[in-house]
Every structure is written in C-alpha cells, then in structure tokens.
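The structure appears right after this line, and notes come after that.
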Amino acid sequence: MSTNILEVKDLQKVYPNGTHALRGVSFDVVKGEFLVIIGLSGSGKSTLLRCINRLHDPSSGSVKFNEEEVTTIKGSDLRQVRSKIGMIFQHFNLIPRKTVLTNVLTGTLSKTSVTKSIFGIYSEEDRAKALSLIELVGLSGKENHRADNLSGGQQQRVAIARALMQNPKMLLADEPVASLDPATSHSVMQYLKKVNEELGVTILCNLHFLSLVRQYATRVIALKGGELIYEGSPKEIDEEWFRTIYGEEAVEVTID
Amino acid sequence: MSTIKETTLPKHLQYKETGFKKSSNVIQALSIDILLWGYTSLVTYKVIYQKLIMNMRHADFTWSQPLAALGVGAIISLILFMTKFSIGRASKGLYEIDENETYMKQPFMFLGYFIIILTFVVGLQVSQVSMREFLSEAGLTGARRIFTALFQPNFAIIEPALFAAVETIYMAFIATAISLPFAFLLGFFAARNLMSNSPLTFAIYNLVRFYLNISRSIEPLVWAIIFSVWVGIGPFAGMLALCLHSISSLAKLYSEQIENISDGPIEAMTATGAHPIQVIWFGVVPQIVLPYLSFTIYRWDINVRMATIIGLVGGGGIGTMLMQYQGLAKWNEVGLLVIVIAIIVWIMDYSSSKIRASIK
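Heads up: the sequence lines are chains A and B, in that order.
Under the working numbering, residues 1 to 256 are what the first sequence spells out, in order.
Under the working numbering, residues 1001 to 1360 are what the second sequence spells out, in order.
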C-alpha cells in the first residue's frame, strides 16, 4: 500500500472570469506530514486547498485522496470524501449565534440524518466526543457560550474541534493564523502540531510567516503565479529562495 | 507600464468604426430622433394648437394623428440628422462633442429643454390644473363644511369603529402569518447565490423571480377587487389580497438577505461533507433569522396600513366602514374613523420600529 495520502497531478484551475489560478500543480503528500504551502496572496494557495475537497471544481488534472480520484465524483460519494478531510479557515467560519457545542457538533453532519440534524438530535457518543474535543482545544466550560462572542484564537480552536469531530484523515488549513495576533498564532499552531503528532492527522496548511513555517512544517511547497516553484525542507529556504518566492524587494518579517 | 494615455472619452461616446455596429447605431439614433420629434409635433398640435389656441373643448382623436406626427417627426429628423441638433446622434456617440463644453450647453440640448417645457405645459393642461376651481366660492364653502365636521368627530360610533380596527389588525396579522412559510421557501429559490450553481436551479431561479416581479407589480387593491368578487366582500377577500402581495414582497426581501450573507459558514458546512439541506440549515438559516423577523414585523405594519386602503374596495375592516360613511356624506363619523386609523398606524409604526431596533 502506498504511503501517499494525497496525490495531486497537473492540477489546473481557470475561474469563469478568466483568472488562471493554478497552472499544472503536481505534488504528493505522505501520511502524517505537516505540509506547509507558501506563496504571495493570489499565488493560488487557497484555490489549491479548495480544489482538493472540491469546494472549487478544478478545470483539469487529478486529485487522488487515499488512491480515490476525487475530481470526478459527485453527490454522496463526494460528501463521503469531504467528511474524511477536515478544513479550517482564515475567518474561522463558525455558525454565528450558535453555541460552541452546536458548532463542534456540525462536524458530524455527514453521519447524521438530515431530519435529526435539523431538530438538533445527536447521539450521546457524539455529544461526549464533542465535549472531549472542546476540552482537547482548551475550551472546557465554554461549550454553552455563543461562538461569535469568543476571541479570534478561541474561535479558531472551536473550528479545529469541529474539524476533528469529522475523524479526519487529513486537515486542510487555509491561512489559519492570518487574522490572529502573534501570541495567539503560536497557540493555534501548537494545537495543529498536537493534532498532527498525537492524532496522526496529515495537515496541509497555507501560511504567510516563514518563521512559523520553519518551526512547524515538516515539508514545504511554494506556489508562485499558480505554479509550484519549490519543494523541500523548511530549513533549506534561504535568502535566495525567499526572494524567488516573494519577489526581489521582499524583506522577511518574523513573528515570534 | 504603458505610457500612452488611453482615450479619455467615455465608452458610450467613443466613435465606433465597425460596420455593423455603426449602422445599427445610426438606426437607433434616427429612431430616437423620430420618436422625439414625433412626440413634439403631436403634443404641440393636440394641446398647444387645439386646446390652448383654438380652445376646442372636445378635441377628437384618431389614430391617424399619431401616425401623421411620426411622419412629420421623420421628416424633421432627416433634415436635422446630420447637424448638431440631433439628440439621437449625440446619445449614441456618433459625433464628437467638445469636451470643454458642459453637456448642458450643447446645441442638441435645446431640443431637450424645449421638450421638458412642452411636457410641463401639456401636463398642466392634462391634469386640468385650475386656480379658479381651487379658490372658487362654492368649493371653499364645501371644504369648510367637511373640515368643521371632521374636527367634530362623532364619538357615538367609537365602539364599532374600534371593532372594525381590530378586524383590520387581525386581518393584516393573518395575511402576514399565512404568507410567511410560502415566502420563506420561495426566498431560497429566488436567491442567486444558492441557485446559480447548475442550469436547472438557475432556470428555477429565473422562473421564481419572474413570478415574484409579476405578482408584485399587481397592486393589492386590484387583488382585493378580484377576491371580493371571488369570495365575497369582507375581511377574507382583503386578507387574500394582502397574502398574495406579502408573499411576493417578503420572498423578494428574504432572497436579497440570503444573497447578502457571508459565504464562510456555507463553505465550512460543505467542507464537513454535509448534505445540501444541512448546509442551508446550518450555513444559511442562522445568518438570516433575525433579519427575517425584522422584515416580517415590518410587513405586518405595512399590511395594517394596506388593509385600511383595501377596506375601501370591500376588503372589510375599518376601511370598509370609512367608505360606507363617506358614501353617506356623514363627515362627523368619517372624522372619528380618520382619527382611529391615524392612531393605529402610529402605534403600529412606533412599536414595529422599536421591536426591529431591539432585535438587531
């Protein structure tokens, strides 16, 4: 059996407005990796993540998750694959005016029937699991707080708990710390690291700050103008590579 | 970076050189001129000449008149088409306009000013505006009689008036309540962001939008007349009329609210592998509940006001009562009803705005 959890081949994405966001991106992800994708805004990082779980449909190319082609599947097959891939977002995307517990429980929607979920009927195991995940991300006691009243870092931790509720094999993180302050950023990244190391969930994460990349990534790929221009260890990114990725005039900003 | 400055003319004024585009523009420009000159010659003849100069009381109308006017318009247009007095050519950008002159000073605008003044004069004539009637002795006495009666309301009918008012409020409430579930469902189908994913849903979207626009453009007053024949004069007819109109208006407001929600929760729910219905229930509904509530309360407020008007054509409630007393020229009673209506409208307006402000 292959150890690759994800194989992306020659992925292209052209948006209806003509933007060519991805121009033939290929890479593999090994089980258990913490793979970080870097690149400028507009380099195609977000599009890449969204093509993997089909929030966006790729224009051509192939994405294989656990050796199953995902670019062509539809309906319940697609939902099945999505349920195995958790996702967290820059703006957390929690459901406003709902409690932390309800938000975490939405992670089980794919396994709960439509009628039951509409009436808020979840199994006892699901509730217990949700509570334990809330504890895992350090939010015990907050399960009945409204999610939109929490701080940014806390909201992102709720989002992590929601993603873990899916029992994901892989986690997509789209700039998970871009709207957080440095200290909170580290805290959220620590939780992602914990998820990666202790629960063995493979992580694909878009990041801006190279200092975070060096600290948390086990491998890095870099996108520029929709093309993959670097693949390697985070320690190998030097001045020269930095300027290739971010442009001649860029100066590295650190976060610690 | 290109250093050559692009042409600064606005796009619709740029000279178009492609053959088909140009000839189609010339035809459109000529049509605009013919219509404008046709209109000018028709109303000049009908109103300025026949009414004002000849002072004809009943000027006859035949279909040959507008046709002749169009003919005259065509002749004038053809004569003036190549000059700077052509509005059509100016608006289609078929000749260069001096950039330093304001639009208001261009030669073709003189025809524009002439048409506006002409329309104003014709409008006064058609609306039969007459200062003599407004200030006539007999008219003023009549008005004084009604006003004195209105300001001496007859409180003897306060009881039936309040009952009728309560009928109106309940009627408006039921109309709002019944239209709610229909509007709720239609709102999703009329929301572009939810429906533009596949050709089928987009076709449904267009169909629903078309229905909403058509049914909204028919006034509830007209519906009330239809329903008072159908189910008989009374609150039920008025309620049905309000219902129909409320469904379309609420569905439109609801759908616009859905179009304004943030995509984030929808993306997040889709990413968990949720069913599309679950995506809507968890990703869309929590974002729209409060605005919906606010719209619905406002709609009730509007419906109370509309129910009063609808009553005038037999929709029941206080409006029907007002119409009956007005028909009997019992102005003291009408005065009381006007006061009751004013108070109700004020209370509804005040409380609905208070409630809406508190659930923001």
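C-beta atoms are modelled at their ideal positions from N, C-alpha and C, and glycine is treated no differently.
Contacts between glutamine 166 of chain A and chain B, judged by CB atoms closer than 8 Å, involve Thr1272, Gly1273 in chain order.
Under DSSP, leucine 172 of chain A takes part in a beta bridge, and its partners are A/Met87, A/Leu204. Boundaries of the beta strand (DSSP E) harbouring asparagine 4 of chain A: 4-14, taken from the DSSP string.
With fewer than 16 other CB atoms across the displayed protein chains lying within 10 angstroms of its CB, aspartate 181 of chain A is exposed.
Around the beta-carbon of aspartate 10 of chain A, fewer than 16 other beta-carbon atoms lie within 10 Å, marking it exposed.
The three-state secondary structure of glycine 1112 of chain B, taken from DSSP, is helix.
At a cut-off of 8 Å between beta-carbon atoms, lysine 64 of chain A makes no contact with chain B. If you ignore the 5 residues before and after leucine 131 of chain A, its C-beta comes within less than 7 Å of the C-beta of Glu143, all in its own chain and listed in chain order. Neighbours of histidine 208 of chain A across chain B, judged by C-beta separation under 8 Å, do not exist; the nearest C-beta is about 19 Å away. Beta-bridge annotation (DSSP): threonine 99 of chain A is paired with A/Arg146. Taking glutamate 1219 of chain B as reference, the option from B/Leu1240, B/Leu1135, B/Val1285, B/Val1231 with the minimal CA-CA separation is B/Leu1240. Glutamine 1050 of chain B and threonine 1040 of chain B have their C-alpha atoms some 14 Å from each other. Histidine 20 of chain A is classed as exposed because its beta carbon has fewer than 16 other beta carbons within 10 Å across all chains shown. Residues of the stretch 110-128 of chain A with a C-beta less than 7 Å from any C-beta of chain B: Ser110, Val114, Ser117, Ile118, listed in chain order. For alanine 1069 of chain B, DSSP assigns no beta-bridge partner whatsoever. Rounded to the nearest whole angstrom, the C-alpha separation of leucine 133 of chain A and serine 1352 of chain B is 43 Å. The residue from A/Glu249, A/Thr202, A/Gly226, A/Gly225 with its alpha-carbon nearest to that of valine 36 of chain A is A/Thr202. Under the Cβ distance rule, alanine 1251 of chain B does not count among the residues neighbouring chain A, no pair being separated by less than 8 Å.
Taking the C-beta atoms as reference points, alanine 183 of chain A is found no nearer than 8 Å to valine 104 of chain A. Proximity of chain A to proline 1160 of chain B at the Cβ level (cut-off 9 Å) is not reached, the minimal Cβ distance being about 46 Å. By the rule that beta-carbons nearer than 8 Å mark a contact, isoleucine 1277 of chain B touches chain A. For the options B/Pro1199, B/Leu1078, B/Gln1125, the alpha carbon positioned closest to that of isoleucine 1053 of chain B is the one of B/Gln1125. Isoleucine 1359 of chain B has its alpha-carbon roughly 7 Å from the corresponding atom of leucine 1290 of chain B. Interface residue (Cβ-Cβ distance to chain B less than 8 Å): glycine 44 of chain A is not classified as such. Closer than 8 Å to the CB of isoleucine 37 of chain A there is not a single CB belonging to chain B.
Rounded to the nearest angstrom, the gap between the Cα atoms of glycine 32 of chain A and leucine 1293 of chain B is 48 Å. DSSP places valine 177 of chain A outside any beta strand (DSSP E), giving it a letter other than H or E. For the stretch 1233-1265 of chain B, the set of positions with a beta-carbon nearer than 7 Å to some beta-carbon of chain A reads Gly1264, Pro1265 in chain order.
Taking 8 Å as the threshold, the shortest C-beta distance from serine 151 of chain A to chain B does not fall below it.
Shortest Cα-Cα distance from glutamine 155 of chain A to any of A/Gln12, A/Leu171, A/Ser59, A/Val137 involves A/Val137. Apart from sequence neighbours up to five positions away, the residues of its chain that approach aspartate 126 of chain A with a beta-carbon distance below 6 Å are Thr108, ordered along the chain. Looking at B/Asn1193, B/Phe1085, B/Lys1021, B/Pro1066, the one whose alpha-carbon comes closest to that of aspartate 1033 of chain B is B/Phe1085.
A check of alpha carbon separations from asparagine 1154 of chain B across B/Trp1331, B/Gly1273, B/Met1323, B/Ala1357 identifies B/Trp1331 as the nearest. Between valine 63 of chain A and valine 8 of chain A, the CB-CB gap stays under 8 Å. Per DSSP, the unbroken alpha helix (DSSP H) holding leucine 1185 of chain B starts and ends at 1158-1189. In the three-state reduction of the DSSP assignment, phenylalanine 34 of chain A falls in the strand class, which pools E and B.
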